[in-house]
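Numbering (my numbering), first residue to last: 154 to 1246. Every residue, glycine too, gets a C-beta built ideally from N, C-alpha and C.
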Amino acid sequence: MAGEASPGRYVRRRDEIDDDGGCDDVLAVDVRGPDADPFDIPAKRAPVERLRRWRQAALVLNASRRFRYTLDLKKEEEKEQIRRKIRAHAQVIRAALLFKEAGEKHNGDRELPEILPRGFGIGEEQLTTMTRDHNCSTLQEYGGVEGLAKLLKSNLEKGIHGDEADLSCRANAFGANRYPRKKGRSFWVFLWEACQDLTLVILIIAAVISLVLGIATEGVKEGWYDGTSIAFAVFLVIVVTAVSDYKQSLQFQHLNEEKQNIQVEVIRGGGRRIPVSIFDIVVGDVVALKIGDQVPADGVLITGHSLAIDESSMTGESKIVTKDQKTPFLMGGCKVADGYGTMLVTAVGLNTEWGLLMASISEDNNEETPLQVRLNGVATFIGIVGLAVAAMVLVVLFARYFTGHTTNADGTVQFVKGRTNVKSAIFGSIKILTVAVTIVVVAVPEGLPLAVTLTLAYSMRKMMADKALVRRLSACETMGSATTICSDKTGTLTLNQMTVVQSIVGGTKLQTPANVDNSSPTLENLSPTVTSLVLEGIAQNTSGSVFEAEDGSVEVTGSPTEKAILSWGVELHMKFAEERSKSAIIHVSPFNSEKKRAGVAVIARVSDVHIHWKGAAEVVLALCTSWLDVDGSTHEMTPDKANQFKKYIEDMAEQSLRCVAFAYRNLDLKDVPSEEQRINWQLPDNNLTLIGIVGMMDPCRPGVRDAVELCISAGVQVRMVTGDNLKTARAIALECGILTDPKASAPVIIEGRVFRAFTDAEREAYAEKIFVMARSSPNDKLLLVKALKKKDHVVAVTGDGTNDAPALHEADIGLSMGIQGTEVAKESSDIIILDDNFSSVVKVVRWGRSVYANIQKFIQFQLTVNVAALVINVVAAISSGNVPLNAVQLLWVNLIMDTLGALALATEPPTDQLMKRPPVGRREPLVTNIMWRNLLIQAVFQVAVLLTLNFRGRNLLHLAQDTLDHSSKVKNTVIFNTFVLCQVFNEFNSRKPEELNIFDGVSRNHLFLAVVSVTIVLQVIIIEFLGKFTSTVRLNWELWLVSVAIAFVSWPLAFAGKFIPVPKTPLKDIIVRCWPKRRKQGGEQQHHSPEAV
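Shown next as structure tokens:
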């Protein structure tokens, strides 16, 4: 049936302009000017121009790998073109059909095909054609929806049987509600992409030339070592990189499957409502739809009350379409914008436009996150420095080589003009080029931006175990910066398990049969008139349902509020089906958060029309002009009586009860509009008669008080935004720990209508002081979010209703509820809280901070290696013409630094210490002063020790008695071994940049211990057994002890270094102040400036 459009119903925000983003967000034009940092993008809704700019500014050696987990801008354009083609195709078919029908006379007989699915009276092709073409005349030929249900062996009220045999038979006959997914990329694709790194390609070419020249000059027996060792090292880097990337890809693939697995309510097995996966829907299913749901497949409307569908996802037009018996066809993939109803499924999977669309477009949900883009800026800045250093080393080494200043280990000159043959000269040049290119490999941290993806993939997998499903990657990062959480009350802070514990009917307290005493009446003591009206209001004015099984058991379905009221009705001996049959619904006004009430008009057999209303107690009470007594008589609602009812409501609210009132009024049949005019009929809500009030208990969730206190101690303010009245909200807020003062008043606790009436400036002034907002509408929540954002807060918002979508969309982090949340709310959110529990929200905050902290640990570790390796090789090259770390050794260091380092440090689980810090500032530099202190201490130590060994190693290691050639090899091996072990020990330091105890929790991080163990084992194998490949020699136990002892010093050094105070002002700001030129420019950002770091 057609119904009234709810004033607060869901409105698609597709074409809205974001207040903060301005026109540049809408037009995808960056208006911030050319001097803005290209590596600074917003967390949500970044303009395309901004996304292109940072890609162009980044220094990239392997684009296919670096941009793998970023948004493919070209592919997005292709997706939109495919969508347009499919929409146009469907519309052309419908237009052609209408044209054909207009030109032909109606033929009453319709021949069914000879071959039909076994047991069914209609075929798959006929169903698909009728549904796709929205052909109402064909539907009528089949006998309407009732006739179609018979052909499909379905019952419009009880659904299909739903056993395994029935479901299998229907899937075989009409197809399954699935579409072919594009297979994820295989391991070989990742291997091929890893090979496309420019520097690795150069190294492979150098390895081949070195191999050919080596064999030509030294013979096969000795000449193959150099070239093969470089090639093997490159191959090892490629394989480890590909394996790591492939595992991340599998995790994202699993996440996409979780996001698409929507739960739908169907009627099966004799009338029972059960939730099933959208993939398990079959043709003939009767699906219950309500506001916010996604239509799971194509179908035909059975019954609908104010049912309005947002078809923009399929038609491309932002238009809400009302569905009734004249326009009964529903398209899969669309959203229910208003009302509720039931539908008969007629086409599934690839037989629907939605299925064709989903099968045609790629499901990659890649996106770049702000942290990932900032790290590209870091990698670019470091890479430019590294390229400059590598170029300088190349020039110096070539100059020294061709001028005869480069000597072999035995002291002989490598190049003598006129004597050295061409082969030897080329061989020497290739070695120099290989070293310079390898310095580039180490200097350009390609793995740095990808470490974000690694830690996000790890965090998202672990967050699933903590009941949080991440829909948008950047939300993980942003959550670490959250300064305030605007939380719903019902279901988030409370259990959402409502039960009616108090009721007032006929002006007196009513006792349920389970809790009866002699002083209070039960329903049996009331007059038949009152009893009839109470049960009629419960049974008809509901979107829930009661299923009574043959064995007498009762199953109640619906929202928690509906279930509580229906369960109360069952306790009052209500027979649901019997009550529903006594009268017929002629019009419905669905509940929404704006009106805070729901209404229904019913007509009884004696042509009496009753209009029943239920909703927020004080809202409904204000509409009443009379009240119903226990004897069925009606009395005027005097001020004294109204105050008495208000006192009842206040007493219940102070006990944390949610109060719902029931009222009705009579209407003459002649005042009811005709069925055609009823679509816009506003149900009269004046001159109501109060029937009763119920108080429902919804206890606080266990542990929610501790979770709130943890948030507050972590610098995250929790604010409660609820539709309940002021007293109920206060009681729950005190119980949860959001409020500490029971006498708190405005603006700490405020009503939505008061906040709504403020000017923008007043809202901004009061927003930070508000802890509880009662009787709020979704629009009030949106206004609060905007006001807090203007005060520079990073706002997280929880929401479950369709009308929460604008606030979820506007917030920095939108958190929808997995159990009670509608599909519209989930699609507007960034993270879905699967158990609807506030404690899970706090876990998300921990994970958000963990992501940021882990990236900082990895940056500190990687920068230390970068600085030390570059300085050691540059100083040695300039001073002696030789570098202590050759190409193969540097590739091994790069593997430790990039892939293995990221695995070890980017996957640290969150600790309680993270919740003792303030939130991470959105513009806080990635490399803090503490990190600069730590990495400089370690880098200076490593450089000092290794350069000392490089220049004085023969004497210090007592190698003066050995030959020059052997002692040089031993010295360089010790330098290499010490350098690698320093990185292993420094990995422990990097785990805890600020804490003194670097071993805290290390035993619980099995992956970290595994990576460290593998690194040490491989290092021993390299030194002891692979000397030919790495140009090293075996070390005796004393030299091993020397290497370990030097590396060990990094631990006490790091411990002592943490007592060195650092200024709170970021290093960038100190540089700006001290640099006159930058001061004149007012601290403008420069491309690749230290701010990127």
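Tell me the rounded alpha-carbon separation between residue i and residue j.
i, j, result
"L1194", "I592", "28 Å"
"D838", "A775", "10 Å"
"V179", "V938", "Low confidence applies here, because V179 scores a pLDDT of 27, under 50, leaving its location unreliable and the question unanswered by this model."
"C1227", "N878", "57 Å"
"L836", "F815", "15 Å"
"G175", "P200", "In this predicted model, G175 has a pLDDT of only 36, less than 50, meaning its place in the structure is not dependable; the value taken from the coordinates is given anyway. Approximately 11 Å, taken between the alpha carbons."
"V687", "V741", "18 Å"
"S981", "E921", "25 Å"
"Q808", "A910", "29 Å"
"D953", "A1097", "59 Å"
"A769", "L524", "45 Å"
"Q1042", "S634", "40 Å"
"S119", "W721", "A query on residue 119 cannot be resolved here, the shown segment of the chain reaching from 154 to 1246 and no further."
"N1150", "L364", "49 Å"
"N1082", "L1088", "10 Å"
"A730", "A964", "44 Å"
Under three-state DSSP, which class holds residue i?
i, result
"A940", "helix"
"H726", "coil"
"W834", "coil"
"C289", "helix"
"S736", "strand"
"C777", "strand"
"Q567", "coil"
"V813", "strand"
"D824", "helix"
"R334", "coil"
"C1227", "helix"
"W1193", "helix"
"W377", "coil"
"C487", "coil"
"P195", "coil"
"H1111", "coil"
"C348", "coil"
"Q416", "strand"
"T443", "Contrary to the premise, residue 443 reads as Lys rather than Thr in this sequence. Three-state DSSP puts K443 in a strand."
Can you check whether the CB of residue j is closer than 8 Å to the CB of residue i?
i, j, result
"V773", "R750", "yes"
"L646", "R883", "no"
"C889", "G848", "no"
"V1046", "V1018", "yes"
"D988", "G967", "no"
"G659", "D804", "no"
"S1196", "F1094", "no"
"S696", "K306", "no"
"R872", "T533", "no"
"L1102", "K1124", "yes"
Figure out for me which residue from the options has the closest Cα to the Cα of residue i.
i, options, result
"L1048", "T1168, W766, W507, P1214", "T1168"
"G644", "T951, S1203, V1080", "T951"
"K716", "S734, H726, H740, I691", "I691"
"E789", "N745, N840, K944", "N840"
"R818", "G752, M850, G768", "G752"
"G337", "E1148, W377, L403", "L403"
"I431", "V542, R425, V440", "V440"
"E732", "S760, S779, S746, T684", "T684"
"V1137", "L1112, Q1066, A1055, E1147", "A1055"
"L601", "K488, A1059, T661", "A1059"
"H314", "Y1005, P195, R425, G508", "R425"
Worksheet item: Counting pairs of Cβ atoms below 8 Å between the region 455-470 and the region 392-405, do you hit three or more?
Response: no
Fill in: Stretch-stretch touch, CB-based, cutoff 8 Å, three pairs: the region 314-332 with the region 547-558
no
Worksheet item: Per the contact definition of three or more C-beta pairs closer than 8 Å, is the region 1004-1012 in contact with the region 477-490?
Response: no
Item to complete: Indicate whether the contact test is met: 3 or more Cβ pairs, each with one atom in the region 498-514 and one in the region 322-329, closer than 8 Å.
Response: yes
Discussion item. Measuring CB atoms only, is the region 481-493 touching the region 443-454, in the sense that at least three cross pairs come out at less than 8 Å?
Written reply: yes
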